[in-house]
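Enquirer:
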Amino acid sequence: MDKKTSALRDYQKAVEGSQDLVVTVNTQYVYTVANDAFLKYHGLKRNEVVWCSVSEVLGEGVFNAEIKPQLDRCLAGEIVQAERSRSYRKLGQRYLETGYSPITGAGGEIEGVVGIIRDIKAPDLGIEDFLCLIDRDLSDHEK
Numbered sequence: 056m057d058k059k060t061s062a063l064r065d066y067q068k069a070v071e072g073s074q075d076l077v078v079t080v081n082t083q084y085v086y087t088v089a090n091d092a093f094l095k096y097h098g099l100k101r102n103e104v105v106w107c108s109v110s111e112v113l114g115e116g117v118f119n120a121e122i123k124p125q126l127d128r129c130l131a132g133e134i135v136q137a138e139r140s141r142s143y144r145k146l147g148q149r150y151l152e153t154g155y156s157p158i159t160g161a162g163g164e165i166e167g168v169v170g171i172i173r174d175i176k177a178p179d180l181g182i183e184d185f186l187c188l189i190d191r192d193l194s195d196h197e198k
């Protein structure tokens with residue numbers, strides 16, 4: 056095995072071994088990569104995510120209200136950090152930290168976005184901190 060192949064396998068192991076949810080999305084808002092943690096978190100199979108649109112996977116409402124504005128900023132070249140509280144049917148209330156970074160091609164053009172999502176359990180926060188985050192989340196959503 057050559058060094059390039061070995062490095063690529065190590066990279067794949069690192070992404071798949073992460074407990075963080077890792078995805079890549081192209082400029083058409085279609086998932087091109089989703090790691091095992093993302094799939095397990097959402098209870099989906101790889102073929103239900105990869106090459107499917109974000110709106111298909113997460114729902115049109117969530118996509119348009121929360122995710123698309125962040126992806127658009129990132130596709131314009133901005134690194135985007137966000138914090139959200141979200142309620143899931145199976146998981147209950149969750150608190151998520153998200154980071155989106157542009158993926159650039161060899162010529163410097165933006166080809167997509169890499170997203171890193173971390174689930175921070177609300178009970179681990181102090182109640183005042185958690186309420187403050189919810190207030191911030193509601194304020195951001197009203198804008």
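So for the sequence shown, the numbering used here puts the first residue at 56; every next one is plus one. Each residue gets a CB set at the ideal place from its N, CA and C atoms; glycine is no exception.
Starting from Glu-111, follow the alpha helix (DSSP H) in both directions and report where the run begins and ends.
Expert: Residue 111 sits at position 56 when you count from the first residue of the sequence shown. Counting along the chain, the alpha helix (DSSP H) containing Glu-111 begins and ends at 109 to 113.
Enquirer: Compute the distance between the beta-carbons of Tyr-86 and Val-78, then report whether it is under 8 angstroms.
Expert: Position 31 of the sequence shown, counted from the start, is the residue given in the question as residue 86. Position 23 of the sequence shown, counted from the start, is the residue given in the question as residue 78. Taking 8 angstroms as the Cβ cut-off, Tyr-86 and Val-78 qualify as a contacting pair.
Enquirer: Please list the terminal residues of the continuous alpha helix (DSSP H) segment that includes Glu-71.
Expert: On the sequence shown, residue 71 is found 16 positions in, with the first residue counted as 1. Unbroken alpha helix (DSSP H) run through Glu-71: 58 to 72.
Enquirer: Around the Cβ of Leu-63, are there at least 16 other Cβ atoms within 10 angstroms (buried) or fewer (exposed)?
Expert: The residue you call residue 63 lines up with position 8 of the sequence shown. Under this definition Leu-63 is an exposed residue.
Enquirer: So Ala-92 and Leu-76 are in contact, right, with Cβ under 8 angstroms, and what is the actual spacing, rounded?
Expert: Reading the sequence shown from its first residue, position 37 is the one you call residue 92. Reading the sequence shown from its first residue, position 21 is the one you call residue 76. Indeed, because the Cβ distance is near 5 angstroms, the residues count as touching under 8 angstroms.
Enquirer: Pull up the distance between the alpha-carbon of Glu-71 and that of Ala-89, whole angstroms please.
Expert: Within the sequence shown, the letter at position 16 stands for residue 71. Within the sequence shown, the letter at position 34 stands for residue 89. So the alpha carbons of these two residues sit roughly 9 angstroms apart.
Enquirer: Determine the DSSP secondary structure at Ile-172, reduced to helix, strand or coil.
Expert: Residue mapping note: residue 172 aligns to position 117 of the sequence shown, counting from 1. DSSP places Ile-172 in strand when its eight states are reduced to three.
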